[in-house]
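Okay, structure first, notes after.
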Amino acid sequence: MFRYIIIFLIGFFLGHAFSGNLGLLLSKTKELALSAVNRDENPAPREYAVVSAPAPRPAEAPEAVAEPREKRTTYQAVAVRPKPTPATANREQLYTIQVASFKTKQQATKYVEELVGQQYDAFIAPVHNEKPVDWYRVCIGETISPDQAKILNAKLKSKFKDSFIYSF
């Protein structure tokens, strides 16, 4: 990554260094080449004249500068349908439904065994706090979609009134 930044900066500075002078350099080179060609074709003697220094320019009045206008940008609302999340998506965020929490692992394990016996996909998600007491969350289900988690929570609300969506 560092290499790309260095390459970009070198290109940026070289581009700006030559962009202003490149046109001037090319035009002077072209003039010199044309004058050399013209000298070879027309070897006429040159006359020299005495030229005085140009007269100084009169002081110009500063031009009135208009205040810059504030650009107004207009945006058009476009309806976008969300893409369905494939099952093999990168699991950055998982959602589950927390139905209970216990201070001891034994209580949480006992409750999970009851829920598994009732055909729920239950598991324990431990919470490690800075406090000396850890908590053990009892959760049901696991999904990568918050919408699916909302549907699952709505189904579980009849039996687990205090359930809520937990993401990790």
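For the sequence shown, our numbering assigns the number 1 to the initial residue and increments by one for each residue that follows. Backbone N, C-alpha and C define an ideal beta-carbon position, used for all residues, glycine too. Everything numeric in this text was worked out from a predicted model, so none of it was measured.
Item, Value
"Selected residue, minimal CA-CA separation from residue 156, among 103, 93, 98 and 104", "98"
"Own chain residues within Cβ distance below 7 Å of residue 134, not counting five before or after", "126, 127 and 128"
"Buried or exposed (CB count within 10 angstroms, at least 16 for buried), residue 140", "buried"
"Alpha-carbon spacing of residue 93 relative to residue 10, whole angstroms", "39 Å"
"Secondary structure of residue 92, DSSP reduced to three states", "coil"
"8 Å contact criterion, which residue 124 and residue 109 should meet: CB distance rounded", "7 Å"
"Status (buried if at least 16 other CB within 10 Å, exposed otherwise) for residue 149", "buried"
"Alpha-carbon spacing of residue 146 relative to residue 154, whole angstroms", "12 Å"
"Cutoff 6 Å; reference residue 101; Cβ partners in own chain excluding five residues on either side", "135 and 137"
"Neighbourhood of residue 166 by C-beta distance below 8 Å, restricted to the same chain and skipping five residues each side", "95, 96, 97, 98, 125, 137 and 139"
"Sequence-distant residues of its chain with Cβ nearer than 7 Å to residue 117 (five each side left out)", "none"
"Residue range of the beta strand (DSSP E) that includes residue 126", "122-127"
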